[in-house]
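See structure below.
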Amino acid sequence: MILIGERINGLFRDVAAAIQARDPVPVQKLAIAQTEAGAAYLDVNAGPAVDDPAAVMPWLVRVIEEVVDTPLCIDAAKPEAIEAGLKAVTKARPIINSTTADPERLARYLDMARAYDARLIALTMNRQGVSRDAADRLALAMEIVVAADEAGFPLDDLFLDPLVLPVNVGQEHAWAVLETLRQVKTLADPPPRTVIGLSNISQGCPHRPLLNRAFLAMAMASGLDAAIADVLDEELVATVSAGRVLLGREIYSDAFLRPAGRR
Amino acid sequence: MSFETYREQWRGRVSEVTVGAAGGVNDARKSITVGGAGALPFIDIDGPIPHRPAVAAEVWDVRPDWPAPLAMAYGAVLDDPVAWAQKCVRDGADLICLRLAGADPEAGDASPEACAAVVRSVLGAVDVPLIILGCGSDEKDNLIFPAVCAAAEGARCLVGPVHKDNYRTIAAAAKVAGHAVIAQSPVDVNIQKQLAVLLEEMELGPQDVVFDPTTGALGYGLDYTYSVMERIRLAALQGDRHLSSPLVVFAGYEAWRAKEAGLAGGSVDQGVVWEVVTATALLHAGADIVVLLHPNAVRAVKRYLRELTGEAAA
Chain A
1 MILIGERING
11 LFRDVAAAIQ
21 ARDPVPVQKL
31 AIAQTEAGAA
41 YLDVNAGPAV
51 DDPAAVMPWL
61 VRVIEEVVDT
71 PLCIDAAKPE
81 AIEAGLKAVT
91 KARPIINSTT
101 ADPERLARYL
111 DMARAYDARL
121 IALTMNRQGV
131 SRDAADRLAL
141 AMEIVVAADE
151 AGFPLDDLFL
161 DPLVLPVNVG
171 QEHAWAVLET
181 LRQVKTLADP
191 PPRTVIGLSN
201 ISQGCPHRPL
211 LNRAFLAMAM
221 ASGLDAAIAD
231 VLDEELVATV
241 SAGRVLLGRE
251 IYSDAFLRPA
261 GRR
Chain B
264 MSFETYREQW
274 RGRVSEVTVG
284 AAGGVNDARK
294 SITVGGAGAL
304 PFIDIDGPIP
314 HRPAVAAEVW
324 DVRPDWPAPL
334 AMAYGAVLDD
344 PVAWAQKCVR
354 DGADLICLRL
364 AGADPEAGDA
374 SPEACAAVVR
384 SVLGAVDVPL
394 IILGCGSDEK
404 DNLIFPAVCA
414 AAEGARCLVG
424 PVHKDNYRTI
434 AAAAKVAGHA
444 VIAQSPVDVN
454 IQKQLAVLLE
464 EMELGPQDVV
474 FDPTTGALGY
484 GLDYTYSVME
494 RIRLAALQGD
504 RHLSSPLVVF
514 AGYEAWRAKE
524 AGLAGGSVDQ
534 GVVWEVVTAT
544 ALLHAGADIV
554 VLLHPNAVRA
564 VKRYLRELTG
574 EAAA
């Protein structure tokens, strides 16, 4: 299971304030803490409040790379902001987060991923929005896989995101996501890899960590490869360790909790 | 349409463990590195196999009670660890495995100082790296290893074995003096991994640890040992760092415990056959160090390795 730390995101007030003041310290602390907690990647998102994300993204990349070697997941709505972030990366191979299945957008992002030697997250949604069922998600997943294959993009570098929505507003989506995770593996050989934005499942709900952990365990059993998640939740990382052992991904030892969940 | 042979692509590597001089103060000593493989044994079309397995010969601090065919191969040197070790090196052993059997409370109860003195004299008499084994009594091994490890400081030996219920004292003594340790499990991959995690918490990582999965000789559990070694090696090649250490097997000691090994009367030395079959089978399961007893077994296994790998005599 590849854990991608979600915390460096302008949606969080502390990060938004740090960006506003161009104060690297809170961002760097989060980079170190998430890396030590077992994050294999760090998601980097300037957040919605920033006027010019294309200017902020290189600053975020630079201050994070000053303190950790952890590869980054460059997360923005605008391709200009993503490209600015990719240009600033000097250390490890990044992930682009994310494209939709719309053909023009997908083509542009596949080109960008190749140009900057990045992996790519593709959402199984398009301009019409997010479908309620697994079948439509799978149809879009297939379109993405075909487009990637035709573009000569290595399928190993592609992560499909079936879109997790808050359980309090779209209860039926949770099952649709799990069903998509299961079936997406039959679309190609080697099978496409999958990622979810885990914390979305509990947005606006009480008992968020519980919902996150429970859904992560279900998603792992459905074949999930990666999650953008709150790695600072020790119980969540422990759930990954337990899940790896229960699914036979890792040889059991009594110390199964001690090695961090990074893979 | 052309046919392409399927090749495994492994993402993990066996950890390299170096013993001997290893940059220590005793620069005259040879060093040996084992491990490092990125493929299953001998299948170097799949990945690199930088070091061939090493062959060690056992030397005891006290005269062992061995079957006649084995004892006769050594004769008088069995009473003198120094002369014994020198003979083993002449016979081609890459390492000496010094077993401090005389420390056993029921077999002489040698003091820590006496054990350290034997270690010093053997180290001074041969230039190959040393494996140093305790007597098998946890309590006594915990007493002798601090002195033994200190006496061998700078010669980076492979000491042990430690096991799940007794590792702290020996591991700490080894760590302080710069030695690597043998981590023993009872033919159990889960316990082997557990012990590796515990040792890593004492800052003995995969490069400081050699696994002893416990050897079953031919006819006495060889297949169980083989399976566990295979699982450990596959896990290492699949990237499980806590199972990535090299493997040592005590093929000679176990083979000569088999009742068939001591059978006399025929023209073939059954014990040597038992040792060689056990050792060579386990080489294919991933053994990186095989520890043997009879000089003819040492010669046969070394020749077997040379023939298979095409390398000049090491």
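So the protein lines, in turn, are chains A and B.
Going by our numbering, 66 is the number at position 66 of the first sequence; the sequence numbering is gapless.
Going by our numbering, 548 is the number at position 285 of the second sequence; the sequence numbering is gapless.
Even glycine gets a Cβ: it sits at the ideal position worked out from N, Cα and C.
Please read these numbers as outputs of a predicted model, since none were measured by experiment.
query, result
"Please list, in chain order, the chain A residues whose beta carbon lies closer than 7 Å to that of Asp503/B.", "Glu250 and Ile251"
"If I measure Cβ to Cβ from Ser278/B and keep anything under 6 Å in the same chain, skipping five residues before and after, which residues do I get?", "Gly298, Pro469, Gln470, Ser507 and Ser508"
"Are Asn45/A and Ala76/A closer than 8 Å when you measure CB to CB?", "yes"
"Of the choices Val50/A, Leu110/A, Arg208/A and Gln183/A, whose alpha-carbon is the least far from that of Ala134/A?", "Gln183/A"
"Where does Gly261/A sit, in a helix, a strand or coil, going by DSSP?", "Because the pLDDT at Gly261/A is just 38, under 50, the model does not fix this residue reliably, and the value given afterwards should be weighed accordingly. Note: Gly261/A maps to coil in three-state DSSP."
"Between which residues of its own chain and Ala577/B is the CB-CB distance below 6 Å, once the five residues before and five after are set aside?", "Because Ala577/B sits at a pLDDT of 43, beneath the cut-off of 50, its placement in the model cannot be relied upon, and the point is left open."
"Give me the Cβ distance between Ala188/A and Leu155/A, rounded to the nearest whole Å; I'm assuming they're in contact under 8 Å.", "6 Å"
"Report yes or no: is there a C-beta of chain A within less than 8 Å of the C-beta of Glu267/B?", "no"
"Taking only runs that begin and end inside the stretch 292–344 of chain B, name each unbroken beta strand (DSSP E) of 3 or more residues, in chain order.", "294–297 and 317–323"
"Mind pulling the alpha helix (DSSP H) runs of 4 or more residues that sit fully within the stretch 99–136 of chain A?", "103–115"
"Considering Cα atoms alone, identify which of Ala443/B, Thr478/B and Asp486/B is closest to Met465/B.", "Ala443/B"
"Under 8 Å, do Asp404/B and Cys412/B count as touching if we go by C-beta distance?", "no"
"Per DSSP, Val282/B forms a beta bridge with which residues?", "Ile295/B"
"Going by the beta-carbon positions, is the gap between Leu406/B and Pro368/B smaller than 8 Å?", "no"
"Going by alpha carbons, who is nearest to Arg562/B out of Arg274/B, Gly371/B, Thr281/B and Cys351/B?", "Cys351/B"
"Can you tell me the Cα-Cα spacing of Ala21/A and Gly47/A, whole angstroms?", "14 Å"
"Is Glu466/B helix, strand or coil by DSSP?", "coil"
"In chain order, what residues of the same chain have a beta carbon less than 6 Å from the beta carbon of Asp475/B, not counting five sequence neighbours either side?", "Pro424, Ile445, Gln447 and Val511"
"Hey, is the stretch 329–343 of chain B in contact with the stretch 305–312 of chain B, meaning 3+ C-beta pairs nearer than 8 Å?", "no"
"Please list the partners that Ala548/B has in chain A, where partner means a Cβ-to-Cβ separation under 9 Å.", "Simply none; closest approach about 16 Å."
"With distances taken Cα to Cα, identify the nearest neighbour of Pro190/A among Asp149/A, Leu123/A, Gly243/A and Thr180/A.", "Asp149/A"
"Contact between the stretch 534–543 of chain B and the stretch 516–523 of chain B: three or more CB pairs below 8 Å?", "yes"
"What does a CB cutoff of less than 7 Å around Ala434/B pick up in its chain, not counting 5 residues either side in sequence?", "Val425, Val444, Leu462, Met465 and Leu467"
"Classify Ser241/A as buried or exposed, calling it buried when 16 or more other Cβ atoms lie within 10 Å of its own Cβ.", "buried"
"Thinking C-alpha only, which one of Leu198/A, Thr186/A and Leu158/A is nearest Val177/A?", "Leu198/A"
"Taking the Cβ atom as the reference point for each residue, do Val318/B and Cys420/B lie within a distance shorter than 8 Å?", "no"
"Could you name the residues of chain B that Arg258/A contacts, counting a contact when the two beta carbons are closer than 7 Å?", "Val460"
"Which residues in chain A have a C-beta closer than 8 Å to the C-beta of Thr453/B? List them in chain order.", "Reading off the sequence, residue 453/B comes out as Asn, not Thr. Ile251, Tyr252, Ser253 and Asp254, listed in chain order."
"Would DSSP call Thr432/B helix, strand or coil?", "helix"
"Is the beta carbon of Asp390/B closer than 8 Å to that of Lys293/B?", "yes"
"Looking at the secondary structure, which residues open and close the beta strand (DSSP E) in which Arg213/A lies?", "Premise fails: Arg213/A lies in the alpha helix (DSSP H), Arg208 to Ala221, not in any beta strand (DSSP E)."
"If you follow the alpha helix (DSSP H) that Ile32/A is in, where does it begin and where does it stop?", "Pro24 to Ala37"
"Inspect the beta-carbon positions of Arg496/B and Leu361/B and report whether they are closer than 8 Å.", "no"
"Nearest CA to the CA of Val325/B: which residue from Ala291/B, Gly371/B, Arg315/B and Gly301/B?", "Gly371/B"
"Residues in the same chain with beta-carbon distance under 6 Å from Asn168/A, minus the five sequence neighbours each way, listed in chain order, please.", "Gly204 and Cys205"
"Taking 8 Å as the cut-off, decide whether the C-beta atoms of Ala88/A and Pro58/A are in contact.", "yes"
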